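Numbering (the working numbering), first residue to last: 362 to 624.
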C-alpha cells in the first residue's frame, strides 16, 4: 500500500497545485486586459487536474478494499497523509505563483497569434522551453502590504470553510465506506453530500466576490496593482482550508455514514 500512497500523494499534490494556479491565469489576463483569452487557458489547468484525478480516485479507493481484508490497516492515517498532499500542492502553487503569472502572460500573447490551444502547443520549440528560466521569480512576503486590501474577514473565513469541504469530500466518502462496511458502496459514492454543501457556499458567496474583484481590477489601474496581493491572500485562505480539512475529515465521514444508513 505504500506505493499506492505515494502515487495518491503525488496526484493530489498535482491536482491542488493546478487548481490553485488558476489565480495566476486570471491575474495574467487582467494585466494584459485579455481576461476572456486567459479564461480559455484554464482548460489546460482543468485537463491536468482531471487527468490526475482519474489516477488518484481508483487508487485511493483501494485503501478501502485493503482495509476490509486487513483489520489493522491505518486507514485514517493514510487519508490524513493524502490531505497533507493537498496542503503541499497549494503551498507549491503559492511559491510558483509569480513565475506562472509571467509564463501565463506569455502564453496568452502567443494564444492570440496561434488562434487555438492545439496550435499553441504545437508551436512550442525546445529553445522556448529553455528560455522559461528567465521567467522564474521567487515570491516575496511582506505582511504589512496585505493589511489594507479591502478583503472582508467573512469572505476569508468562507473561503477557508469552502476549501476544507471541497478538499475532504471524496476522502470523507472513502472513510465512511471504511467505517460502515455494510453500506460501503453507497458511502463511497456519497461524496456529493459534502461537495454539495461546498458548491452551494461557493456559488452564493465566493464566485460572485471573485467576479467583483476581477471586474474592479479591470476598471481601476490602482486596484489592478493590488490584485496580485489579493490573490496571494486568497491562496493563503485556500491553504488554511486544506489544513482545516484535517479536522473536517472524520465528522464529514460520519455525516455521510448517517445519511447512507437512513436513506
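Virtual Cβ for every residue (Gly too), placed ideally from N, Cα, C.
A quick note: this is a predicted structure, and the numbers were derived from the prediction, not measured.
Got a sec? Which residues, its chain only, sit under 6 Å from residue 403 by beta carbon, not counting five neighbours each side?
Numbered from its first residue, the chain shown carries residue 403 at position 42. Answer for residue 403: 383 and 386, listed in chain order.
Taking only runs that begin and end inside the region 368 to 410, name each unbroken beta strand (DSSP E) of 3 or more residues, in chain order.
none
Straight-line Cα distance separating residue 407 from residue 622
As a working note, residue 622 is residue 261 in the chain shown. As a working note, residue 407 is residue 46 in the chain shown. Roughly 34 Å separates the two Cα atoms.
Is the number of C-beta pairs between the region 475 to 490 and the region 530 to 550 that are closer than 8 Å three or more?
no
Quick check on residue 581: does DSSP put it in helix, strand or coil?
The count along the chain shown starts at 1 and reaches residue 581 at position 220. Residue 581: coil per DSSP, three-state reduction.
DSSP on residue 500, reduced to helix/strand/coil?
Stepping through the chain shown from its first residue, residue 500 is reached at position 139. Here residue 500 sits in coil by DSSP.
Can you tell me the Cβ-Cβ gap for residue 378 and residue 453, rounded? I've got them flagged as a contact below 8 Å.
Counted from its first residue, the chain shown places residue 378 at position 17. Counted from its first residue, the chain shown places residue 453 at position 92. Correct: roughly 5 Å between the Cβ atoms.
Exposed or buried, residue 536, counting other C-beta atoms within 10 Å across all chains shown (16 or more means buried)?
Translated into the one-based positions of the chain shown, residue 536 becomes position 175. Classification of residue 536: buried, given that the 10 Å Cβ count is 16 or more.
Around the C-beta of residue 390, are 16 or more other C-beta atoms found within 10 angstroms, so that it is buried, or is it exposed?
By one-based count along the chain shown, residue 390 stands at place 29. Residue 390 comes out buried.
If I measure Cβ to Cβ from residue 388 and keep anything under 7 Å in the same chain, skipping five residues before and after, which residues do I get?
As a working note, residue 388 is residue 27 in the chain shown. If we look at residue 388 and ignore the five residues flanking it on each side, its Cβ neighbours are 462, 588, 589 and 592.
Rounded to a whole number of angstroms, what is the C-alpha to C-alpha distance between residue 613 and residue 527?
By one-based count along the chain shown, residue 613 stands at place 252. By one-based count along the chain shown, residue 527 stands at place 166. So the alpha carbons of these two residues sit roughly 11 Å apart.
How is residue 415 classed by DSSP in three states: helix, strand or coil?
Residue mapping note: residue 415 aligns to position 54 of the chain shown, counting from 1. Reduced to three states, the DSSP call for residue 415 is helix.
Which residues in the same chain have their Cβ closer than 6 Å to the Cβ of residue 616, if we skip the five residues on either side of it in sequence?
In the chain shown, residue 616 corresponds to position 255, counting from 1. Cβ neighbours of residue 616 beyond the five flanking positions: none.
For residue 555, count the other beta carbons within 10 Å of its own beta carbon; 16 or more makes it buried, fewer makes it exposed. Which is it?
Residue mapping note: residue 555 aligns to position 194 of the chain shown, counting from 1. Buried: at least 16 other Cβ atoms inside 10 Å.
Grab the span of the alpha helix (DSSP H) containing residue 485 for me, first residue to last.
Residue mapping note: residue 485 aligns to position 124 of the chain shown, counting from 1. Here residue 485 belongs to no alpha helix (DSSP H), and DSSP marks it neither H nor E.
Applying the criterion that 16 or more other CB atoms from any shown protein chain within 10 Å of the CB defines a buried residue, is residue 618 buried or exposed?
Within the chain shown, numbered from 1, the residue matching residue 618 stands at position 257. Buried is the call here.
Report yes if the CB atom of residue 523 is closer than 7 Å to the CB atom of residue 601, and no otherwise.
As a working note, residue 523 is residue 162 in the chain shown. As a working note, residue 601 is residue 240 in the chain shown. Going by C-beta atoms, residue 523 is not nearer than 7 Å to residue 601.
I want to know whether the region 437 to 448 touches the region 366 to 375 - three or more CB-CB distances under 8 Å.
yes
Would you check if the distance between the CB atom of residue 594 and the CB atom of residue 525 is smaller than 7 Å?
Reading the chain shown from its first residue, position 233 is the one you call residue 594. Reading the chain shown from its first residue, position 164 is the one you call residue 525. Cβ distance not < 7 Å, so residue 594 and residue 525 don't count as in contact.
Segment limits, alpha helix (DSSP H) that includes residue 432:
The sequence position of residue 432 within the chain shown is 71, counting from 1. Here residue 432 belongs to no alpha helix (DSSP H), and DSSP marks it neither H nor E.
Reduced DSSP secondary structure (H/G/I, E/B, other) of residue 509
Here residue 509 refers to the residue found at position 148 of the chain shown. The pLDDT assigned to residue 509 is 46, lower than 50, so where the model puts this residue is not dependable; a value taken from the coordinates is nonetheless given after this. Of the three classes helix, strand and coil, the one that applies to residue 509 here is coil, per DSSP.
Other residues of its chain near residue 567: CB distance less than 7 Å, five sequence neighbours each side excluded:
For the purposes of this step, residue 567 is taken as residue 206 along the chain shown, with counting starting at 1. Only 519, 520 and 523 meet the Cβ criterion.
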